[in-house]
Amino acid sequence: MTNFRLGLAGASQYFGVKPDLVSLGKILGGGFAVGGYGGRRDIMDKVVTPHTGLWDLSEQIFQSGCFSGNPVSMTAGLVVLEELEKGLVYPHINRLTQALAGGLREIGARKGLPIMVNAVESILQIHFGGETIHNKRDALKVDRKAALNFHLGMRANGVMASYHPLFMSAAHTDQHIARVLEAAETVMDQMILVAV
Numbered sequence: 000m001t002n003f004r005l006g007l008a009g010a011s012q013y014f015g016v017k018p019d020l021v022s023l024g025k026i027l028g029g030g031f032a033v034g035g036y037g038g039r040r041d042i043m044d045k046v047v048t049p050h051t052g053l054w055d056l057s058e059q060i061f062q063s064g065c066f067s068g069n070p071v072s073m074t075a076g077l078v079v080l081e082e083l084e085k086g087l088v089y090p091h092i093n094r095l096t097q098a099l100a101g102g103l104r105e106i107g108a109r110k111g112l113p114i115m116v117n118a119v120e121s122i123l124q125i126h127f128g129g130e131t132i133h134n135k136r137d138a139l140k141v142d143r144k145a146a147l148n149f150h151l152g153m154r155a156n157g158v159m160a161s162y163h164p165l166f167m168s169a170a171h172t173d174q175h176i177a178r179v180l181e182a183a184e185t186v187m188d189q190m191i192l193v194a195v
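Heads up, the sequence shown is in numbering that gives the first Met the number 0, so the first residue is 0 and it goes up one at a time.
Here it is as structure tokens:
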């Protein structure tokens, strides 16, 4: 879920990691069914395809697939990459994510709710209760029932919000963020009333 969300070189560049292997999901095909992988030359040299010719499977791995090179997926992927390379998408989605995160934090603080909003570039997660989240153990201490109620309340107020991380897209606008924050304020008010 992080490849191309954190930049053209993905999470590895963002976090300064040189991976042995990288896997890419449907973003590689512009949202269509496709997946891909890449890695160090010494590892990739072990992969053979139907077009490679003779191979020694005691030392190599065979790779093939029904959708390998699918023209629709590959064309959509090229179009997405061309748009991302223009450099307009990342500043837009990251700005909107920060606006949403800041707005949610402000509403939670104003209402005295123990809300934690983690945001990295265009990925955002809302938690209730607990302390600052640094790892999985911290994440397990949050109030999952409150988070679920918040997300269900958002849906009841016309905002489709996943219980899992939220992802900003290039199609989102400032008006969408304003609408989400308006619904969030309503839902947090309802949560306070139920808790009293």
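We put the CB at the ideal spot given by N, CA and C, even for glycine. Please read all numbers here as calculations on a predicted model, not as lab measurements.
In the three-state reduction of the DSSP assignment, L95 falls in the helix class. Exclusion of the five residues before and after L5 leaves Y13, E120 as the residues of its chain whose Cβ lies within less than 6 Å of its Cβ. With respect to the C-alpha of P18, the residue from L27, G30, R40 having the closest C-alpha is R40. Counting only the Cα atoms, D44 lies some 22 Å from C65.
With contacts defined by Cβ atoms closer than 8 Å, G37 and V47 do not form a contacting pair. Looking from the CA of I26, the closest CA among T1, F127, V141, H175 belongs to T1. Beta bridge pairing from DSSP links Q62 with no other residue. V79 is not a Cβ neighbour of A100, given a cutoff of 8 Å.
In this structure, I122 is the residue among I122, V158, R154 with its C-alpha nearest to the C-alpha of L95. Ranking V179, H163, K144, A138 by CA distance to the CA of G157 puts V179 first. Here the region 173–188 lies against the region 145–155, with 3 or more beta-carbon pairs under 8 Å apart.
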